[in-house]
Structure formats: structure tokens, C-alpha cells
Amino acid sequence: MYNIPYFGTALHFKLFTNNELNDLPEILTNMREQYGDIVKMRIGRDYGVYIFDPDYTKTVLQLPYKEFFAYQLDLPEVLTTRTGLPKSLTLMEGKEWKKLRKPAQENILRPAVVASHGPLIEQGTDDFVDILKQKKTVDDLHMTLMNYTTESVAMLCFNRRLGSIDSEESPEIARCITELFTLLQKSQIMPFKTFKYFRTPLYKRFEEVRLRIQRKGIKGTA
């Protein structure tokens with residue numbers, strides 16, 4: 027039954043289990059323990075393949091793809107059409123994807139280029155380690171790592187500190203990104219995608235969060 031489109035996905039969540047949409051990592055962890063480092067799960071009408079082994083992941087990421095077939099994400103596509111925002115990399119495929127992705131892909135495969143970005147985030151990493159030494163215990167590992175990741179990405183992309191490493195809560199942009207993926211996940215398992223035809227509450231919230239993230243990014247580069 028888990029292979030039935032939409033219904034197979036729903037079986038993992040309420041009303042059939044105690045799992046909420048945010049519990050997908052726990053669901054996948056259980057599947058990994060049961061089936062191994064490569065897991066296939068029904069997501070809506072399609073399947074998602076999850077790779078847990080770092081070596082397997084490295085192999086996939088380093089494959090020299092000439093083109094890319096995009097998994098269709100209906101919610102971002104509808105948002106792009108309605109708002110006129112530029113199409114994101116996740117919605118591109120074929121030559122369009124190759125043109126935008128190729129320069130970054132070539133750099134990712136060069137260790138020396140990747141290593142050159144190290145000094146940019148070294149200070150943030152040192153601060154993170156110092157704070158961990160002072161705390162000695164971590165109450166919320168997910169939030170702590172999210173804060174460190176957000177700070178590192180801000181240094182790399184915007185060349186500025188956000189001050190999120192020593193914060194007692196996740197920065198707003200991190201919370202927005204988490205909510206964005208939750209809404210995406212919900213849209214993928216919906217049997218009837220009414221947001222494609224109407225500005226449903228789910229779509230309105232997704233648009234609001236997506237635009238907030240964009241404003242934060244623009245502010246970061248200013």
C-alpha cells in the first residue's frame with residue numbers, strides 16, 4: 027500500500043500514525059535502519075530517493091551531469107508565475123539549468139577553490155567552538171547547528187556576521203527556510219493541488235515566507 031500514489035505517502039502521517047509533517051527526518055531515519063543507506067519513498071505521485079551514506083552522496087554530487095531533469099515542484103512554479111519572480115535553479119532543466127549551474131559545478135569539483143573560502147568562515151567557526159566549550163551541554167542540537175550554518179552561509183554569501191551563533195533562538199531567516207520546506211512538503215503530498223487554481227491559505231503563506239526570505243537576502247547584500 028505504501029506504493030500507492032498520495033495514499034502511500036499519507037500512511038506515514040496522521041491520521042494513520044502519530045507523525046506530523048515535520049517528523050519526516052525521523053521517518054526516514056527509521057526507514058534507513060530498516061532498509062539501509064538508500065531508501066525510496068512515495069512522495070505524492072512520484073518517488074523520492076534518499077541517500078544516507080556520505081560516500082554514496084559524494085559520488086552522486088560529483089557526477090559530471092551535462093543536463094538536469096528537474097523534479098516538478100508545483101508550489102514554487104505557481105509562485106513564479108503569479109509574482110513574476112525569476113525562475114529558481116530548482117525549476118530549471120536542460121540547457122537552461124546547465125547555463126546557470128555549470129560555473130558553480132566546475133568550482134565545486136576543485137578542492138583548491140573550495141578551500142579558498144575557508145578563511146571567510148574560520149572566525150565564525152572559532153566562535154562557535156568557544157561557545158560550545160563555555161556551554162558544555164547543548165539542549166537543542168538542531169537549533170545550534172542551524173544557527174552555525176546560517177552564520178557561515180551569511181559570511182560566505184554576504185561577507186557579514188548575523189550574530190546568530192550565540193543566540194538562544196534560531197534567526198528569522200532560518201525559521202523562514204524551515205517553514206518554507208514544511209509548506210513544500212505539504213504541497214507535495216496533497217492529492218488535490220487547489221493552490222494551482224486559487225490563492226489558498228497554504229499558497230498565501232508560502233508566498234509570504236518566500237518573499238520574506240528574499241528581502242532578508244537583499245538586506246544582507248546591502
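The opening residue of the sequence shown carries number 27 in our numbering; numbering runs sequentially from there. Backbone N, C-alpha and C define an ideal beta-carbon position, used for all residues, glycine too. Everything numeric in this text was worked out from a predicted model, so none of it was measured.
Under 8 Å between C-beta atoms of GLY150 and ILE203: no
Would you report the Cα separation of PRO112 and LEU167, rounded to the nearest angstrom? 35 Å
Within 8 Å, do at least three Cβ pairs link the region 171-191 to the region 142-162? yes
Can you grab the Cα-Cα spacing for the pair LEU206 / TRP123, in whole Å? 22 Å
Here's the rule I'm using: 16 or more other beta-carbon atoms within 10 Å means buried, otherwise exposed. How should VAL104 be labelled? buried
Where do the N-terminal and C-terminal ends of the beta strand (DSSP E) with ARG75 fall, by residue? Looking at the sequence itself, residue 75 is Val, so the reference to Arg does not match. Element bounds for VAL75: 72-77.
Might you give, ordered along the chain, the residues of its own chain that have their beta carbon closer than 7 Å to the beta carbon of ILE53, omitting 5 neighbours on each side? HIS38 and ASN45
If you draw a straight line from the C-alpha of THR247 to the C-alpha of PHE184, how long is it? Confidence in THR247 is poor, its pLDDT being 47 and thus under 50, which makes the residue's placement unreliable; the coordinate value appears in the next sentence. The alpha-carbon atoms of THR247 and PHE184 are separated by roughly 5 Å.
Opening and closing residue of the alpha helix (DSSP H) in which LYS161 lies: 144-161
As a quick exercise: from ARG187, ARG127 and LYS162, pick the residue whose alpha carbon is nearest that of TYR91. ARG127
Taking the alpha carbon of PHE221 as the point to measure from, which residue in GLU194, THR107, LEU146 and GLY189 has its own alpha carbon closest? THR107
Express the C-alpha separation of MET57 and LEU47 in angstroms, rounding to a whole number. 16 Å
Following the continuous alpha helix (DSSP H) through ARG108, name the residue where it begins and the one where it ends. 100-109
C-alpha distance - MET27 paired with ILE215, whole-angstrom precision: 15 Å
With distance defined between alpha-carbon atoms, name the residue in TYR61, ARG68 and PHE42 nearest to ILE30. ARG68
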